[in-house]
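Notes follow once the structure below has been shown.
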Amino acid sequence: MEILKWIGQGFAIFVAAVFILFAYVFIRMAFVAQFTELGLLRDRVLRILLPGVSIKEAPHQLPPLEWEYESGAGAVPKATSLLLTPEGQLQPEESRFDGDPRQYVDELSGGDSQAPWILYESRIYQRNGDTLGREIADLSDAPFAGFGYVAGLSSEWFLVAGDVRGDKNRNSRLWQVSKKNFEIVLLEKNPYFTFSRPPKTFTPQGFDGVLVAVYSGVVSYGFGGDCSRPRYSILRAYTSTYPSGIDLARFSFRAGTIVDVDWQDGTLMVIGDPSRPAAAGRDRMPPRVWRVELPDGIVGMPQQRGAAEPKELNESLEG
480 MEILKWIGQG FAIFVAAVFI LFAYVFIRMA FVAQFTELGL LRDRVLRILL PGVSIKEAPH
540 QLPPLEWEYE SGAGAVPKAT SLLLTPEGQL QPEESRFDGD PRQYVDELSG GDSQAPWILY
600 ESRIYQRNGD TLGREIADLS DAPFAGFGYV AGLSSEWFLV AGDVRGDKNR NSRLWQVSKK
660 NFEIVLLEKN PYFTFSRPPK TFTPQGFDGV LVAVYSGVVS YGFGGDCSRP RYSILRAYTS
720 TYPSGIDLAR FSFRAGTIVD VDWQDGTLMV IGDPSRPAAA GRDRMPPRVW RVELPDGIVG
780 MPQQRGAAEP KELNESLEG
């Protein structure tokens, strides 16, 4: 009888644990938006990543941005998608159906004003009219498999998002690849969904370089549809001082997802959109505008050979 008593108690504890687990899951699903908002309170609004950078919020009277706000003029678009026939002919992109032997490839402007490049599987070719030209790079040993997302970045680099080679879990990361020697540099281990919101590149008038917003992490307010946003936007600059790029600051979702950057009197004006996705069921919010002051030497001063990269400096602004 004593054994039956212990078995009964154990079963009751198991049932209670299962009930609590299901209740917890249900509550988290039913109140996902509220839990997300609580989680955001733990994030620093801003984190400065380069010593000498200073950031202050600028007052403004701007209304809420349009639902899907696009960056200003000068943003470099993603690579053009084309179709490659089994005979090696390049055709404009169109919908493919099951059994279609054509393969999707990416066309990217090449380095040093060369003919456009065609990126196919793990290889890069120069375009020769409507066919593949000579092969100029074999990236079969690259840390990524294939080209999931490709975009121009600067005259020296382009972006690639792809799954980690050999990882069965389709773990996508973001790299920059040199147009000169095809050196590969890991930019972000946890990029936001590039098919939904790829990195944004900005070339504001008067700025001697290229700026890119790298989106990472995810905050979710529901399931399906417009339910998530990047958790962070990392502002990165490519200039004559830092041709390989340097991270300036990280903006949390509370500071607003970076959607545009302007250059005014030697200052970067960064526009962040803090509006929640449709699943949150809230009205759109006015943008937050940040005045980013850069230290001397970031723009317009050639980097000395062997100069060390600045170490990360953690600094936050509450707001």
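Residue numbers in the sequence shown follow the numbering used here, run continuously in steps of one, and reach 798 at the last position. Each residue gets a CB set at the ideal place from its N, CA and C atoms; glycine is no exception.
Across the set P571, V524 and G704, the C-alpha of V524 shows the shortest separation from the C-alpha of R710. Scanning the segment 670 to 721 for uninterrupted beta strand (DSSP E) segments of 3 residues or longer gives 679 to 681, 688 to 695 and 711 to 718, listed from N- to C-terminal end. Annotation: I777 to T720 spans about 6 angstroms, alpha carbon to alpha carbon. V693 is positioned such that its CB atom lies no closer than 7 angstroms to that of I725.
Here the alpha carbons of R767 and A537 stand approximately 8 angstroms from one another.
In the three-state reduction of the DSSP assignment, A630 falls in the strand class, which pools E and B.
Straight-line spacing of the CA atoms in F681 and Q605 works out to 26 angstroms. In this structure, the alpha-carbon of V532 lies about 10 angstroms from that of R770. Within the segment 572 to 608, the runs of beta strand (DSSP E) at least 3 residues long that lie entirely inside it are, in chain order, 582 to 587, 596 to 599 and 602 to 607.
Counting of Cβ neighbours within 10 angstroms places F732 among the buried residues, the total reaching 16 or more. Within the DSSP secondary-structure output, R526 pairs in a beta bridge with R729. According to the DSSP secondary-structure assignment, V656 is paired through a beta bridge with F637 and I663. Taking a contact as a CB-CB distance under 8 angstroms, the pair L618 and S601 counts as one, their CB atoms being some 5 angstroms apart.
The shortest CA-to-CA distance from D744 to any of A758, F730 and D687 is the one to D687.
A straight-line Cα-Cα distance of about 7 angstroms links D609 and Q570. Annotated as proximal: D741 and P683, with beta-carbon spacing under 7 angstroms.
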